[in-house]
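Asker:
Residue numbers (our numbering): 8 to 124.
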């Protein structure tokens with residue numbers, strides 16, 4: 008289920024960033040080497056809880072989930088989260104995606120083992 012938590016001051020940015028929807032995945036593809044390098048550097052262990060802030064279409068989140076991490080991805084763009092959920096479903100992965108604002112996280116302190124962005 009998508010939960011919306013975007014600060015009013017960021018609502019215009021949410022519309023702008025979200026406008027690309029699934030096409031945003033093409034941008035992630037263009038920097039996929041850098042994203043993969045970051046995931047490799049993190050070297051998540053199976054079961055580790057990882058928060059992906061500004062997840063977009065979930066490119067990094069999917070790489071992390073493929074390594075058996077428990078991933079939550081947040082983004083202010085509703086359309087991006089909808090696209091991330093659709094792509095993840097197609098790939099058979101389990102990732103929790105939420106519409107959310109990095110300036111107002113809805114998680115308790117120390118809820119995650121690591122954060123990527």
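Built from N, CA and C at the ideal position, the CB exists for glycine as well.
Express the C-alpha separation of residue 74 and residue 46 in angstroms, rounding to a whole number.
Answerer: Cα to Cα, the separation comes out at about 9 angstroms.
Asker: With residue 95 as the anchor, note down where its alpha helix (DSSP H) starts and where it stops.
Answerer: Here the alpha helix (DSSP H) through residue 95 covers 85-98.
Asker: Please tell me whether residue 111 and residue 12 are closer than 8 angstroms, where the distance is taken between their beta carbons.
Answerer: Against a cut-off of 8 angstroms, the Cβ pair of residue 12 and residue 111 comes out as a contact.
Asker: What do you reckon, are the CB atoms on residue 103 and residue 64 nearer than 8 angstroms?
Answerer: Their beta carbons are not under 8 angstroms apart, which means residue 103 does not touch residue 64 by this criterion.
Asker: Under 8 angstroms between the Cβ atoms of residue 60 and residue 85?
Answerer: No, they are not a contact pair.
Asker: Only counting the same chain, and skipping five residues up and downstream in sequence, which positions put a Cβ closer than 6 angstroms to that of residue 10?
Answerer: Legend: pLDDT at residue 10 = 47, less than 50; position of this residue unreliable, value from coordinates given subsequently. Excluding residues within five positions, the ones whose Cβ falls inside 6 angstroms are 105.
Asker: Buried or exposed: where does residue 113 fall if 16 or more other Cβ atoms within 10 Å of its Cβ makes it buried?
Answerer: So residue 113 counts as exposed.
Asker: Alpha carbons only, please: which of 72, 115, 77 and 83 is nearest the one belonging to residue 94?
Answerer: Considering only alpha carbons, the answer is 72.
Asker: For the putative contact between residue 58 and residue 119, defined by C-beta atoms under 8 angstroms, what is the C-beta separation to the nearest angstrom?
Answerer: With 8 angstroms as the limit, residue 58 and residue 119 qualify as a contact, their Cβ atoms being about 4 angstroms apart.
Asker: Looking at the secondary structure, which residues open and close the beta strand (DSSP E) in which residue 58 lies?
Answerer: Its beta strand (DSSP E) spans residues 56-60.
Asker: Note down the Cα distance separating residue 15 from residue 92, rounded to an integer number of angstroms.
Answerer: So the two alpha carbons sit approximately 24 angstroms from each other.
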